[in-house]
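Undergrad: Below you will find the structure I want to go over with you.
Chains as they are written, first to last, in this note's numbering: chain G, 0 to 564; chain Y, -6 to 328.
Right, here's the structure in full:
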């Protein structure tokens, strides 16, 4: 090549030779590649890799999207709802005191390794999750959800005994009644793994080399990190298989625009959460379509109660009245999003208070502010000290600007943290509160500061329900009454906590309903937290995909999918 | 020469040690930790503390460092915090992807950049010079994600000429020997796999190539210009040597030193992973993985990979120094 160039690029025929060679290389590279096999393959474009395929020890949605195709629960959410229905347990009953649950299990079910599913296998799984000295309760793994949903490990566990009372009958004994018990059993992390497989592989169970061994319609084939995770239909599956997918391939495509492009050129068949601005193009396409997962989340603005001015209900009401939630929903969310007036979303089975409405009224907001003693608005706010017991005192330690902290990540409940933060700051300025947008750094830093109550101002956050139960929604946030919670901006309301604790131990939805509604009403009356929106999650598909049933909690089974060629 | 190489390598050891300490400290001093990230929205003081304890993150920092470095010296890079997956397995899977893409991009950049630089120097101020230097300026300036997405939509979606997700089409079976798919497919005599791997390399390779290409072309041009003004070039021409011989043997060889240096540095940079290119093209290399690990506070991954990158830089510099020995007799004499 240097020879060619040494001639000073004057020799045209040599140029032609060079470019011909380049053209041949390009044609060679661009030659078509051999066709694939005949299995009907559904390819899902993922944000990234699963963390691990041992559902009991992970908390991320990507891992669960894989495990829930192959690992089944005693109860399963009825497709498209937040209600639990039959799964590996075909029926169940509860004692009058709410402390003993008896479940009848399906017969003739086998794990992917051929070992039988029975009551002993169920007991083994629950014992593994609960007992920290169980040989397969690996110390390096974190059984986070068991601890969160069942009150703790070992003797702290609300499940005090699990007994196989027959080959296909299992009895759970609880230390206290638990309204969310059945919902908990239907959560992806409490799916039943093959005891033989977990014992055989030890801590490697769930890693790329091993994957999962469960009872579901798809079995694990391979997981190559950064490349693909592959499942194939389990021939001996016991249940009904309404779709025609033979194989599922998950391809991690971290960039949203590239995921959209991959859907357009047929590399993938579906993906979750396209960019809001790409949705019109998808809807206009002949080959693609959008489906909305009903929103089961909430986006909120929390007050940090170390700010003296925020302890005044009139100031909080003024702030609530100043924000045009509908405008935010229209500007930043996908169609189908709704204004949030309460913590619990309208899709929740129990505990949605439909009577609460939070109006937008800047004039009334200004009046409230004046009534609170700030006729000229608020320029700066006072930060109060926290004593050794964790209580907020009257001592002012510093004076700071009014800050609106925005989330540095995108979530279905918050599609544009910074832009929404700017909008909120501007609404507050309209009523005379000189709010400024504030960043706390990256997500880990943001979460750490939130946890410690260090986001001194108004801050954004949200929640997506795990199991369809209100105790996992409003109950998760406000049930502690003994002292202000730094994690919740030093929020404390003994009456709200009492109502939520009462509702937690009831099994009857009709008895729980008024308790949750009252708690929401108390919070709304004093504008104790500002709820902004419930956002649905858009899913983008190629039109060859039908039969997908969106679930409010993302609990979607690919075994219902029908692929047409 | 062996002694020289050994000496250079020993000199690099404190650098690697320093990097390990620095990264360890920086990671542990930035706010937020793996427990917080793992718990996300549900992170409360109590459960973060409990999780920190279980993960061993509440031990004193020096103790954590000594445990970690001790394990490294025994060849154990540890396991990921979230998935408890061996870090060494992941590096073994991901590093070949980065190596293959880097070598592809750098080879293209060198094969195009050096000749373009030479021509620009020889034809200084000509149209070719202006166009290529303008191209180089654009090459350095254009954001990677803009170029990447343009290539994807034009060549990948509209014309459907090239794939843009990952390294190989699903369903092609290939036994991994080196992890470099082009090499493995040739070793296996699998022409389909080779074609497919090359097709997958093309768009990320071209995207990744732009900056090194621009840098190499500019450095080659300026080095050549400097050499072409030297007396010995005038002498060579006066002797009646052909222009081709003057350029190729008298000028180019003397101009190569800075070019080789810059290629070496670019190699080090590329082998550290290319976050944006890997993200856009879903390339399973170490760049995006490292980035995600920093965001997720995956200490074992960040520590192992940064240590490896430090080692790569040291080796790339060493390689450049060794090349000097061959190119420059003065360096050879000094060594």
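Every residue, glycine too, gets a C-beta built ideally from N, C-alpha and C.
Bear in mind that the values here come from a model prediction, so they are computed numbers and not experimental data.
What residues in the region 274 to 305 of chain Y bring their beta carbon closer than 9 Å to a beta carbon of chain G?
TA: Residues passing the 9 Å Cβ filter: 274, 275, 276, 277, 278, 281, 282, 285, 287, 288, 289, 290.
Undergrad: Note the first and the last residue of the continuous beta strand (DSSP E) segment covering residue 62 of chain G.
TA: Unbroken run through residue 62 of chain G is the alpha helix (DSSP H), 60 to 69; no beta strand (DSSP E).
Undergrad: Out of curiosity, what's the CA-to-CA distance linking residue 301 of chain Y and residue 95 of chain Y?
TA: Whole-angstrom Cα-Cα distance: 16 Å.
Undergrad: In whole angstroms, give me the CA-to-CA distance for residue 33 of chain G and residue 446 of chain G.
TA: The pLDDT assigned to residue 33 of chain G is 48, lower than 50, so where the model puts this residue is not dependable, and the model offers no usable value.
Undergrad: For a contact meaning CB atoms closer than 7 Å, what does residue 142 of chain Y contact in chain G?
TA: The contacting residues are 256.
Undergrad: Going by beta carbon distance, what residues of the same chain come within less than 7 Å of residue 441 of chain G, once the five residues before and after it are set aside?
TA: 407.
Undergrad: Could you check where the beta strand (DSSP E) with residue 248 of chain G kicks off and where it finishes?
TA: Run containing residue 248 of chain G: 246 to 251, per the beta strand (DSSP E) assignment.
Undergrad: Let me know the beta strand (DSSP E) ranges lying completely inside the region 201 to 285 of chain G, each 3 residues or longer, listed in chain order.
TA: DSSP runs (the beta strand (DSSP E)) wholly in the region 201 to 285 of chain G: 217 to 223, 227 to 232, 246 to 251, 269 to 271.
Undergrad: Of all Cβ atoms in chain Y, is any one closer than 8 Å to the Cβ of residue 206 of chain G?
TA: Yes, because at least one Cβ of chain Y sits closer than 8 Å to the Cβ of residue 206 of chain G.
Undergrad: Just to confirm, are residue 330 of chain Y and residue 9 of chain Y a CB contact at a threshold of 8 Å?
TA: Summary: the structure shown does not reach residue 330 of chain Y, with chain Y confined to residues -6 through 328, and so no result is reported for it.
Undergrad: What residues of chain G sit near residue 145 of chain Y, judged by a beta carbon separation below 7 Å?
TA: Those are 257, 260, listed as they occur along chain G.
Undergrad: Kindly list, in the order they appear in chain Y, the residues whose Cβ is closer than 8 Å to that of residue 263 of chain G.
TA: The contacting residues are 150.
Undergrad: Under 8 Å Cβ-Cβ, which residues of chain G neighbour residue 31 of chain Y?
TA: Under the 8 Å cutoff, chain G gives 58, 141, 143.
Undergrad: Measuring only between beta-carbons, confirm whether residue 15 of chain G sits less than 8 Å from chain Y.
TA: Note that residue 15 of chain G scores 48 on pLDDT, short of 50, meaning its location in the model is unreliable; the coordinates nonetheless yield the value given after this. By this cut-off, residue 15 of chain G is not an interface position.
Undergrad: For residue 460 of chain G, which beta-bridge partners are listed by DSSP?
TA: Beta-bridge pairing links residue 460 of chain G to G:299.
Undergrad: Here's a check: name, in chain order, each residue in its chain whose Cβ is nearer than 6 Å to the Cβ of residue 313 of chain G, leaving out the five neighbours to either side.
TA: The residues are 367, 370, 371.
Undergrad: Residue 170 of chain Y: which of Y:103, Y:162, Y:179 sits nearest, CA to CA?
TA: Among Y:103, Y:162, Y:179, the Cα nearest to that of residue 170 of chain Y is on Y:179.
Undergrad: Compute the Euclidean distance between the alpha carbons of residue 77 of chain Y and residue 146 of chain G, then round it to the nearest angstrom.
TA: Between residue 77 of chain Y and residue 146 of chain G, the C-alpha separation is close to 19 Å.
Undergrad: Note the first and the last residue of the continuous alpha helix (DSSP H) segment covering residue 21 of chain Y.
TA: Taken as a continuous stretch (DSSP letters only), the alpha helix (DSSP H) holding residue 21 of chain Y covers -5 to 22.
Undergrad: Reducing DSSP to helix, strand and coil, say where residue 106 of chain Y ends up.
TA: Residue state, collapsed to three classes: helix.
Undergrad: Output, in sequence order along the chain, the residues in the region 240 to 252 of chain G whose CB is closer than 7 Å to any CB in chain Y.
TA: Within the region 240 to 252 of chain G, the qualifying residues are 248, 250, 251, 252.
Undergrad: If you follow the beta strand (DSSP E) that residue 103 of chain G is in, where does it begin and where does it stop?
TA: 99 to 104 is the extent of the beta strand (DSSP E) around residue 103 of chain G.
Undergrad: How many Å lie between residue 266 of chain G and residue 42 of chain G at the Cα?
TA: Going from the Cα of residue 266 of chain G to the Cα of residue 42 of chain G covers about 8 Å.
Undergrad: Mind checking residue 120 of chain Y: buried by the 16 CB within 10 Å criterion, or exposed?
TA: Answer is exposed; the Cβ neighbour count stays below 16.
Undergrad: Using three-state DSSP, classify residue 276 of chain Y as helix, strand or coil.
TA: Coil at residue 276 of chain Y, not helix or strand.
Undergrad: So for residue 183 of chain G, helix, strand or coil by DSSP?
TA: Correct three-state label for residue 183 of chain G: helix.
Undergrad: I'd like the ranges of any alpha helix (DSSP H) spanning at least 4 consecutive residues and lying wholly in the region 117 to 150 of chain Y.
TA: Within the region 117 to 150 of chain Y, the complete alpha helix (DSSP H) runs of at least 4 residues are 120 to 134, 137 to 144.
Undergrad: Indicate whether residue 323 of chain G and residue 426 of chain G have their beta-carbon atoms separated by less than 8 Å.
TA: Yes, the pair counts as a contact, with Cβ atoms nearer than the cut-off.
Undergrad: Smallest Cα separation from residue 562 of chain G: which of G:541, G:85, G:204, G:303?
TA: Nearest option by C-alpha distance: G:541.
Undergrad: Using alpha carbons as the reference points, say which of G:178, G:385, G:226 lies closest to residue 393 of chain G.
TA: Among G:178, G:385, G:226, the Cα nearest to that of residue 393 of chain G belongs to G:385.
Undergrad: Might you give, ordered along the chain, the residues of its own chain that have their beta carbon closer than 6 Å to the beta carbon of residue 316 of chain Y, omitting 5 neighbours on each side?
TA: Cβ within range, chain order: 253.
Undergrad: How about residue 401 of chain G and residue 382 of chain G: are their beta carbons less than 8 Å apart?
TA: No, the Cβ-Cβ distance between residue 401 of chain G and residue 382 of chain G is not below 8 Å.
Undergrad: For residue 45 of chain G, report the span of its alpha helix (DSSP H) as first-last.
TA: No alpha helix (DSSP H) contains residue 45 of chain G, which is instead part of the beta strand (DSSP E) from 40 to 45.
Undergrad: Should residue 98 of chain G be flagged as near chain Y, meaning a C-beta pair shorter than 8 Å?
TA: No, its Cβ sits nowhere closer than 8 Å to a Cβ of chain Y.
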